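To convert, count from 1 in the sequence shown and add 945; that's this note's numbering. Take a look at the structure below.
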Amino acid sequence: MLPNLDLNGTFGAFLIGVVISAAQVSALFALRCLHSILSTHAIYYYTISNYLNPTALLNSVWSLTVLLELSAILIFVVHIFYARRVYYVSRGNPALVFLVLALASAHCGTSIVITVKA
946 MLPNLDLNGT FGAFLIGVVI SAAQVSALFA LRCLHSILST HAIYYYTISN
996 YLNPTALLNS VWSLTVLLEL SAILIFVVHI FYARRVYYVS RGNPALVFLV
1046 LALASAHCGT SIVITVKA
């Protein structure tokens, strides 16, 4: 007969980790789908709607501006995944994780500023 084991802490933590990972992957999938939709709209606008209209290239379509912003956010989310993996591989080295997150934040912030000024 097995002794009275309490596995709530182990299985509960595992379940929470699975749910959080699934939510992160779902959010990344949704952002990637939105990225594809905006890319398709920008390509359609320039190649189909404004075929042989070179003056259309002087103005940026709205989806292209939003696409730049979304790309920055998407890259930031991927860098967060990477920072998590660096944390596990480096056995909890906070300096290395901070470096990855600082560089990712700087890249995302710079991209947002450039997009707003455009």
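Don't be surprised by glycine CBs; every beta carbon is placed ideally from N, CA and C. Here the structure is a predicted model, which means the values were calculated and not measured.
Going by CA-CA distance only, name the one from the options that's closest to residue i.
| i | options | result |
| --- | --- | --- |
| A1017 | I1059, A968 and A958 | I1059 |
Is residue i helix, strand or coil when you go by DSSP?
| i | result |
| --- | --- |
| L976 | helix |
| L952 | coil |
Segments of 3+ residues assigned as beta strand (DSSP E) that fall wholly inside the stretch 979-1063: none
Count Cβ pairs between the stretch 961-980 and the stretch 1036-1044 that sit closer than 8 angstroms; are there 3 or more? no
Spell out a yes or no on whether the stretch 1003-1015 and the stretch 983-991 are touching, meaning 3 or more CB-CB pairs, one atom from each, closer than 8 angstroms. yes
Would the stretch 1020-1035 count as touching the stretch 1047-1055 if we require 3 or more Cβ pairs under 8 angstroms? yes
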